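Right, one structure below, let's go through it.
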Amino acid sequence: MPYFPKLRGERVYLSPIDIDDAPKYTAWLNDLEIARGLTVASKSIALANERDFLKELSKKHVYGIVDAATDTLIGNCALESIDQLNQSAEIGIVIGEPDYLGRGYGTDAMRTLVRYGFDYLNLHNIYLKVFGFNERAVRCYEKVGFRLIGRQREALLQRGTRWDLIYMDIIPSDLTRSDAAPGPSAAPSA
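Counting from 1 along the sequence shown, just add 735 to a position and that's the residue number in this note's numbering.
Structure representation (structure tokens):
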């Protein structure tokens, strides 16, 4: 399937989501190891429902994460709850392909989407929520420059254990020095 590079990172590019990828997204969301860190972990996702959901998401700032070297869809990321008045938005990401976890692809995608939010959407504050057990994600976010701003204690009960919900955010001056260089390159206009 052809993907269209809207935003380019170093190892990935972000492409508008495609309804034809619904089977892949459905498989990821029904895999408990992948979905464990998402709010959908306790739900079963049907293919027809995922198609409808992707159709709605395609109208927003939701992007497939594509490995630039192989043109393989590996996950998705989004800027949601965009508040233009206060210049803030919530960011989220999932890497659905297990072979790509812990290898820097998520960090590259987050960095690319954060820069896009600051440089093109005129955002000033981008925030996220992450479950306390997801240490790999927290490290990823810290590499981009996100800072801990609070936690909701024991907010999640999963597998008999209570976990905190961690809140993090980033403003332009928080971007790590290596990320302060040029922002994402937009695909050339035709």
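Idealized CB from N, CA, C, for every residue including glycine.
Predicted model, so just to flag it, every value in this text is computed and none were measured.
{"Query": "Alpha helix (DSSP H) segments (min. 4 residues) lying fully within the stretch 802 to 853", "Result": "none"}
{"Query": "Continuous beta strand (DSSP E) stretch holding Asn860: start and end", "Result": "860 to 866"}
{"Query": "Coarse secondary structure for Ala718, derived from DSSP in three states", "Result": "Residue 718 lies beyond the range of the chain shown here (736 to 925); nothing can be said about it."}
{"Query": "Residue(s) in a DSSP beta bridge with Pro751", "Result": "Tyr798"}
{"Query": "Separation of Tyr855 from Pro917, as counted between CA atoms", "Result": "With a pLDDT of 43 at Pro917, under the threshold of 50, the predicted position of this residue should be treated as unreliable, though the coordinate-derived value follows. Computed Cα separation, rounded: 12 Å."}
{"Query": "Cβ contact (3+ pairs, closer than 8 Å) linking the stretch 884 to 897 and the stretch 843 to 854", "Result": "no"}
{"Query": "Rounded straight-line distance, which links the Cα of His859 to that of Gln822", "Result": "5 Å"}
{"Query": "Proximal residues to Arg882 (C-beta, below 8 Å), its chain only, five neighbours per side dropped", "Result": "Met903, Asp904, Ile905, Asp909"}
{"Query": "Exposure label - Asp802; buried when at least 16 CB within 10 Å", "Result": "buried"}
{"Query": "Coil, strand or helix - Arg882 by DSSP", "Result": "strand"}
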